[in-house]
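Novice: First, the structure itself, so that you have it in front of you.
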Amino acid sequence: FLLMGKTNFVKQNFNCGACGSDSCRDMARKVALGVNVPYNCVVMAHDEAKHERARNAEYLSLIRNIGDNLFSTEDASYAAQVEESLRVLSETVGCSAVAIWRRAGGPDSAQCKRVFGWYGDDPSSVSIHGDWPAEWIERLKNEERILINARVDHASLFPNNVQTLFIVPIHLRGEFWGFVDAVSIVDRTFSQEEASLLEAAGILLFSGILERELNGSLVTAKEEALAGTRAKSDFLSRMSHEIRTPMNAIIGMTHMGKQADVLDRKDYCLDKISNASSHLLGVINDILDMSKIEADEFELSAVPSRYEQMLQNVSNVINFRENEKKQNFTVHIDSRIPAMLEGDDQRLTQVLTNLLSNAVKFTPEEGSIRLSAALLGEDGDTCTLRMEVTDTGIGITKEQQKRLFQSFEQAESGTARKFGGTGLGLAISKRIVELMGGNIWIESVPGKGSSFLFTVQAKRVLDTDASTSALHGDMQSIR
Ligand code: ADP
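The working numbering puts the sequence shown at residues 34 to 512.
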């Protein structure tokens, strides 16, 4: 009886009138006792069982094929392979369309997004319009399979020729992931076997999708880790070059200076030793700062200081360098910026010096560099300042801009060879600016120039010595 799908007492007592027995049940009893075997009924039962077995074998092989194909398909043909599986699935259960939908949004969301679907030659004739009703999603979450008469229930969701929609939820590890829906243009039901087939195919397809996503994120994580390792080893070789060059200069010049008998010659050597030592000190300071940042031990100390004085100091250092390259350097300061501010002026100097040194370094002779500072807003005694360093230098491509503020990165490896540098300055600047309650970004056009902009917050403090300085005024220029 089970083989023939006659699972309850009423079905088993069905009188088909074909074999002379009162009912199927009666016939089965006679078959069991070996008496009065109604031959035509046994043949019928046999045929049905055979048919049933063939159908089950067909379902099993379909599921096996879907699995084999999905897990062996190359990325490029994956979507086509899934669609083909859905087409075969759809044909096997006698439907016009079958699709896989994935839950979207948070766990309470009723939204679902179609990830794959097979809709025959005319998708518009069988596709659902609009969103899935929240009540259906709730029932699916409760592991209920839903059979919908499309002409009666939410008819406006369906094109005219759709008669039946059957939805099978997919739960993986007890969690609702989405569902498989089968659309039919005839009014029909779905057998237990057909529902199981849709569910098994759905689980396989979801597993395939998840496996691909997992592989994708593993590949990305691996690539990121490799890129990080590459950047660090590039950094190490750059760093040994950055340290060795001034060290060699110091050792060589000391040797030459000792042997020189003319005073001018000794002075020349001492000058070179002094330059190389400050460069070396800069590199070592950068490394120390970066190691503090990586250990999360980088801190600021806020002290009251004269804002303009700080800009004046920065400008003096840069003036000296850009003079050598005959560059045009201008400074513009918003006169509304308070004269005295409480903040870490040394770290702010470090950021500005780094940006300006880069501007000098990456701008050709006779190019222009501009430093401007503006007051963006005030909230109580907290001022937000915006600083900008603009140059007419080599510029930076969009692709390079993305990596610029990461530690150990330089725009391109050739830069290190041509201009030197540790690739730490911008990462340190970013951290300082963030600790000052602001952020830093870049606007650049390759070949035309770059602007590095950042905001910081500082407290206004009372100016005890209100004498005006050379720089303060409405956007003055020092050159
Ligand atoms: P460093 O200059 O010591 O290498 P930075 O972190 O200060 O390190 O800068 C990182 C990289 O950003 C530089 O190597 C360069 O490729 C690029 N860069 C920075 N400023 C500029 C600029 N003004 N113009 C062009 N490229 C720049």
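The beta carbon of each residue, even a glycine, is placed where N, CA and C say it ideally should be. Keep in mind the model is a prediction, meaning the values are calculated, not measured.
By the 10 Å Cβ neighbour count, where 16 or more other Cβ atoms means buried, how is residue 485 classified, buried or exposed?
Specialist: In the sequence shown, residue 485 corresponds to position 452, counting from 1. Residue 485 is buried by the Cβ-count criterion.
Novice: Can you say whether residue 435 is buried or exposed, counting buried as having 16 or more other CB atoms within 10 angstroms of its CB?
Specialist: Reading the sequence shown from its first residue, position 402 is the one you call residue 435. Exposed, by the Cβ-count rule.
Novice: For a minimum of 3 consecutive residues, which ranges assigned as the beta strand (DSSP E) are wholly contained in the stretch 317 to 375?
Specialist: For the stretch 317 to 375, whole beta strand (DSSP E) runs of length 3 or above, ordered along the chain, are 336 to 339 and 361 to 366.
Novice: Is it true that the CB of residue 133 sits closer than 8 angstroms to the CB of residue 207?
Specialist: Counted from its first residue, the sequence shown places residue 207 at position 174. Counted from its first residue, the sequence shown places residue 133 at position 100. Against a cut-off of 8 angstroms, the Cβ pair of residue 133 and residue 207 comes out as no contact.
Novice: According to DSSP, what are the bridge partners of residue 31?
Specialist: Only positions 34 to 512 of the chain appear in the structure, and residue 31 is not among them; the question remains open.
Novice: Ligand 1 and residue 392: does the residue's C-beta get closer than 7 angstroms to at least one heavy atom of that ligand?
Specialist: Here residue 392 refers to the residue found at position 359 of the sequence shown. Checking the Cβ of residue 392 against ligand 1 gives yes.
Novice: Looking only at C-alpha atoms, which of 230, 209 and 366 sits nearest to residue 215?
Specialist: Locating residue 215 in the sequence shown gives position 182, where the first residue counts as 1. Of the candidates 230, 209 and 366, the one whose C-alpha sits nearest the C-alpha of residue 215 is 230.
Novice: Determine the extent of the alpha helix (DSSP H) in which residue 202 is found, giving its start and end residues.
Specialist: Stepping through the sequence shown from its first residue, residue 202 is reached at position 169. First-last for residue 202: 197 to 205, but that is the beta strand (DSSP E), not the alpha helix (DSSP H).
Novice: Using beta-carbon positions only, say whether residue 322 and residue 331 come within less than 8 angstroms of one another.
Specialist: By 1-based counting over the sequence shown, the position of residue 322 is 289. By 1-based counting over the sequence shown, the position of residue 331 is 298. Yes; because the gap between Cβ atoms is below 8 angstroms, this pair is in contact.
Novice: DSSP on residue 227, reduced to helix/strand/coil?
Specialist: On the sequence shown, position 194 is the one that residue 227 refers to. Reduced to three states, the DSSP call for residue 227 is helix.
Novice: To the nearest whole angstrom, what separates the beta carbons of residue 462 and residue 388, a pair I think is in contact under 8 angstroms?
Specialist: Position 429 of the sequence shown, counted from the start, is the residue given in the question as residue 462. Position 355 of the sequence shown, counted from the start, is the residue given in the question as residue 388. Indeed they touch by this definition, with Cβ atoms about 7 angstroms apart.
Novice: Looking at C-alpha atoms only, which residue of 314, 464 and 271 is the closest neighbour of residue 327?
Specialist: Along the sequence shown, one-based indexing puts residue 327 at 294. With distances taken between Cα atoms, residue 327 lies closest to 464.
Novice: Threshold first: 3 residues or longer. Then list the beta strand (DSSP E) segments lying entirely within the stretch 458 to 499, N to C.
Specialist: Taking only runs of at least 3 residues, the beta strand (DSSP E) segments lying wholly in the stretch 458 to 499 are 473 to 478 and 482 to 493.
Novice: Quickly, what does DSSP pair residue 149 with across the bridge? List them, please.
Specialist: Mapped onto the sequence shown, residue 149 falls at position 116. In the DSSP output, where bridge partners are listed per residue, residue 149 has 133.
Novice: With distance defined between alpha-carbon atoms, name the residue in 472, 345 and 428 nearest to residue 419.
Specialist: In the sequence shown, counting from the first residue as 1, residue 419 sits at position 386. Selected option, being the one with the closest Cα: 472.
Novice: Output the distance between the C-alpha atoms of residue 312 and residue 352, rounded to the nearest integer angstrom.
Specialist: Start at 1 with the first residue of the sequence shown, and residue 312 comes out as number 279. Start at 1 with the first residue of the sequence shown, and residue 352 comes out as number 319. When rounded, the distance between both Cα atoms is 17 angstroms.
Novice: Under three-state DSSP, which class holds residue 505?
Specialist: Residue mapping note: residue 505 aligns to position 472 of the sequence shown, counting from 1. In this prediction, residue 505 scores a pLDDT of 47, lower than 50, which makes its location untrustworthy; the coordinate-derived value is nonetheless stated afterwards. Coil, per DSSP.
Novice: To the nearest angstrom, report how far apart residue 364 and residue 250 are at their CA atoms.
Specialist: In the sequence shown, counting from the first residue as 1, residue 364 sits at position 331. In the sequence shown, counting from the first residue as 1, residue 250 sits at position 217. Between residue 364 and residue 250, the C-alpha separation is close to 47 angstroms.
Novice: Could you tell me if the beta carbon of residue 424 falls within a distance shorter than 7 angstroms of some heavy atom in ligand 1?
Specialist: Taking the sequence shown and counting its residues from 1, one reaches residue 424 at position 391. Flag set: Cβ of residue 424 near ligand 1.
Novice: Short check: CB of residue 195 to CB of residue 159, under 8 angstroms?
Specialist: For this step, residue 195 is matched to residue 162 along the sequence shown. For this step, residue 159 is matched to residue 126 along the sequence shown. Contact: yes.
Novice: Check whether the Cβ of residue 351 sits closer than 7 angstroms to any heavy atom of ligand 1, and report yes or no.
Specialist: By 1-based counting over the sequence shown, the position of residue 351 is 318. No, the beta carbon of residue 351 sits no closer than 7 angstroms to any heavy atom of ligand 1.
Novice: Going by C-alpha to C-alpha distance, which of 378, 284, 66 and 358 sits closest to residue 466?
Specialist: As a working note, residue 466 is residue 433 in the sequence shown. Here the closest residue by C-alpha is 378.
Novice: With a threshold of 7 angstroms on Cβ separation, who are the neighbours of residue 48 within its own chain once the five nearest residues in sequence on each side are excluded?
Specialist: Taking the sequence shown and counting its residues from 1, the one referred to as residue 48 is at position 15. Excluding sequence neighbours, residue 48 sits near 55 and 56.
Novice: Less than 8 angstroms separating the beta-carbons of residue 492 and residue 374?
Specialist: Within the sequence shown, numbered from 1, the residue matching residue 492 stands at position 459. Within the sequence shown, numbered from 1, the residue matching residue 374 stands at position 341. Against a cut-off of 8 angstroms, the Cβ pair of residue 374 and residue 492 comes out as a contact.
Novice: Kindly give me the distance between the Cβ atoms of residue 423 and residue 482, rounded to whole angstroms, as I take these residues to be in contact under 8 angstroms.
Specialist: Residue 423 sits at position 390 when you count from the first residue of the sequence shown. Residue 482 sits at position 449 when you count from the first residue of the sequence shown. The pair is a contact, with the Cβ atoms about 7 angstroms apart (cut-off 8 angstroms).
Novice: Just to check my reading of the structure: residue 275 and residue 455 have Cβ atoms closer than 8 angstroms, yes? What is that Cβ distance to the nearest angstrom?
Specialist: Position 242 of the sequence shown holds residue 275. Position 422 of the sequence shown holds residue 455. Yes, they are in contact, since the Cβ atoms of residue 275 and residue 455 sit about 6 angstroms apart, within 8 angstroms.
Novice: Could you tell me whether the Cβ atoms of residue 410 and residue 426 are closer together than 8 angstroms?
Specialist: As a working note, residue 410 is residue 377 in the sequence shown. As a working note, residue 426 is residue 393 in the sequence shown. Not in contact: residue 410 and residue 426 (Cβ atoms no closer than 8 angstroms).
Novice: Alpha carbon to alpha carbon, how far is residue 162 from residue 252? Give it in angstroms, no decimals.
Specialist: The count along the sequence shown starts at 1 and reaches residue 252 at position 219. The count along the sequence shown starts at 1 and reaches residue 162 at position 129. Each residue's alpha carbon lies about 37 angstroms from the other.
Novice: Going by Cα to Cα distance, which pick from 95, 96 and 38 is closest to residue 79?
Specialist: Within the sequence shown, numbered from 1, the residue matching residue 79 stands at position 46. Nearest of 95, 96 and 38 to residue 79, Cα basis: 38.
Novice: Does ligand 1 have a heavy atom nearer than 7 angstroms to the CB of residue 455?
Specialist: For the purposes of this step, residue 455 is identified with residue 422 of the sequence shown, where counting begins at 1. Yes; taking the cut-off as 7 angstroms, the Cβ of residue 455 has a heavy atom of ligand 1 nearer than that.
Novice: When the Cα of residue 477 is compared with those of 178, 460, 43 and 392, which residue comes out closest?
Specialist: Here residue 477 refers to the residue found at position 444 of the sequence shown. Among 178, 460, 43 and 392, the Cα nearest to that of residue 477 is on 392.
Novice: Look at residue 417 and residue 490 and say whether their C-beta atoms are less than 8 angstroms apart.
Specialist: To locate residue 417, count along the sequence shown from 1; it is residue 384. To locate residue 490, count along the sequence shown from 1; it is residue 457. It is a contact, given that the beta carbons lie within the stated cut-off.
Novice: Shorter than 7 angstroms, the distance from the beta carbon of residue 483 to the closest heavy atom of ligand 1, or not?
Specialist: Along the sequence shown, read from residue 1 onward, the residue named residue 483 stands at position 450. It does: the Cβ of residue 483 is within 7 angstroms (strictly closer) of some heavy atom of ligand 1.
Novice: Leaving out the 5 sequence neighbours to the left and right, which residues in its chain are closer than 6 angstroms to residue 200 when beta-carbon positions are compared?
Specialist: Counting from one through the sequence shown, the residue named residue 200 turns up at place 167. For residue 200, where only same-chain residues beyond five positions count, the Cβ hits under 6 angstroms are 179, 212 and 214.
Novice: Closer than 7 angstroms: is that where the CB of residue 173 sits relative to any heavy atom of ligand 1?
Specialist: Indexing the sequence shown from 1 puts residue 173 at position 140. Checking every heavy atom of ligand 1 against the Cβ of residue 173, none is found closer than 7 angstroms.
Novice: Would you check if the distance between the CB atom of residue 239 and the CB atom of residue 205 is smaller than 8 angstroms?
Specialist: Locating residue 239 in the sequence shown gives position 206, where the first residue counts as 1. Locating residue 205 in the sequence shown gives position 172, where the first residue counts as 1. Contact flag set, yes.
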